[in-house]
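Read through the structure below, which is laid out as structure tokens, and then see the notes.
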Amino acid sequence: MHDIEPQGCSICSCPDLNWKKHAVEPITGIEFPIVLDSSSTQEKKSSLAPEILVGTGSRTMKIIKIKSLKVYAFGFYVHPNSLCEKLGWKYASNQVYELDKRHDFYQDLLSAFEKSLRARLLKGTTVDFRRTADGHLITEIEGNHIGAIQSKELCRAFFDMYIGDVPVSEQAKEDIGKNVASIIRKC
16 MHDIEPQGCS
26 ICSCPDLNWK
36 KHAVEPITGI
46 EFPIVLDSSS
56 TQEKKSSLAP
66 EILVGTGSRT
76 MKIIKIKSLK
86 VYAFGFYVHP
96 NSLCEKLGWK
106 YASNQVYELD
116 KRHDFYQDLL
126 SAFEKSLRAR
136 LLKGTTVDFR
146 RTADGHLITE
156 IEGNHIGAIQ
166 SKELCRAFFD
176 MYIGDVPVSE
186 QAKEDIGKNV
196 ASIIRKC
């Protein structure tokens, strides 16, 4: 792994984040890029700042009480400038250790995510779920647009699986909270 310098983002100079080229989700071993390539979709091309990884985790299922099946790994990405614009005013003065345990912080984060989840299935297929500011849940598989659903409630419920009260991975939720809080402190 090589260290990289984030480019095009004044907020991305966060010393608390580990700027390696890839992060490895520990249970599945799947690698996620720290900074997403901004050339793959039109929406990304128009973004001023890169999307950065704030946490990874995996979904497992117990089979017959003794065997665990790895279902998928996921990574959460955010646009730091958008995050600062939406939540910085409220949380920038808080310490990281205060925020990552606060229920209202995660509820606000659920509401604020514009682009937050990039899940990779075990066979390597990339599925990208994106929530837009106006409440569309957009799905792409391997870069191909599959569809969009207009429902703020569905968007919220979907992302609630990862950062809500009963997350798929408690460790991933904590990592996401700490990293987002670190970004917000730099706003």
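So the sequence shown is numbered by this note's numbering: it starts at 16 and just counts up by one.
All C-beta atoms, glycine included, are put in the ideal place defined by N, C-alpha and C.
Computed from a predicted model, the values in this text were never measured in an experiment.
Run of the alpha helix (DSSP H) containing E168, from where it starts to where it stops: That run of the alpha helix (DSSP H) goes 167-178.
Alpha carbon to alpha carbon, what distance is there between P41 and G72? Whole-angstrom Cα-Cα distance: 8 Å.
Grab the span of the beta strand (DSSP E) containing E155 for me, first residue to last. Residues 151-156.
The stretch 37-51 / the stretch 82-90 touching (three or more Cβ pairs under 8 Å): The answer is yes - the stretch 82-90 touches the stretch 37-51, with three or more Cβ pairs under 8 Å.
Three-state class that DSSP yields for I184 in the structure shown: Looking at the sequence provided, one finds Ser at residue 184 rather than Ile. If DSSP states are grouped into helix, strand and coil, S184 belongs with coil.
Can you tell me whether G44 is helix, strand or coil according to DSSP? Coil at G44, not helix or strand.
Which residues bound the beta strand (DSSP E) around V93? From DSSP, the beta strand (DSSP E) with V93 extends over 82-93.
A172, buried or exposed, once every other Cβ within 10 Å from all chains shown has been counted against 16: With fewer than 16 other Cβ atoms inside 10 Å of its own Cβ, A172 counts as exposed.
Which first and last residues belong to the alpha helix (DSSP H) in which A125 is found? In the sequence on display, residue 125 carries Leu and not Ala. Membership of L125 in the alpha helix (DSSP H) is indicated by the continuous run 118-127.
Which one of T141, N109, K105, Q110 has the shortest CA to CA distance from A127? The option with the nearest alpha carbon to A127 is K105.
S197 and V111 - do their beta-carbons sit closer together than 9 Å? Taking 9 Å as the cut-off, the Cβ atoms of V111 and S197 count as close.
Since I178 and I191 should fall inside the 8 Å C-beta cutoff, what is the C-beta to C-beta distance between them, to a whole number of angstroms? Contact holds; Cβ gap of about 6 Å.
Compare the Cα-Cα distances from S166 to each of T154, G150, E157, L51 and report the closest residue. With distances taken between Cα atoms, S166 lies closest to G150.
Quick check on A163: does DSSP put it in helix, strand or coil? A163 falls in the strand class under three-state DSSP.
Quick one: is G70 buried, meaning 16 or more other Cβ sit within 10 Å of its Cβ, or exposed? Result: buried.
Taking the beta strand (DSSP E) that L68 falls in, what are its first and last residues? Its beta strand (DSSP E) spans residues 67-78.
Could you tell me the alpha carbon to alpha carbon distance between N109 and A187, rounded to whole angstroms? If I take the Cα positions, the gap works out to 21 Å.
Please classify K77 as buried or exposed, where buried requires at least 16 other C-beta atoms within 10 Å of its C-beta. By the 10 Å Cβ count, K77 comes out exposed.
Counting C-beta neighbours from all protein chains within 10 Å, is the total for K205 16 or more, i.e. buried, or is it exposed? Nothing in the structure corresponds to residue 205, since the chain is present only between 16 and 202.
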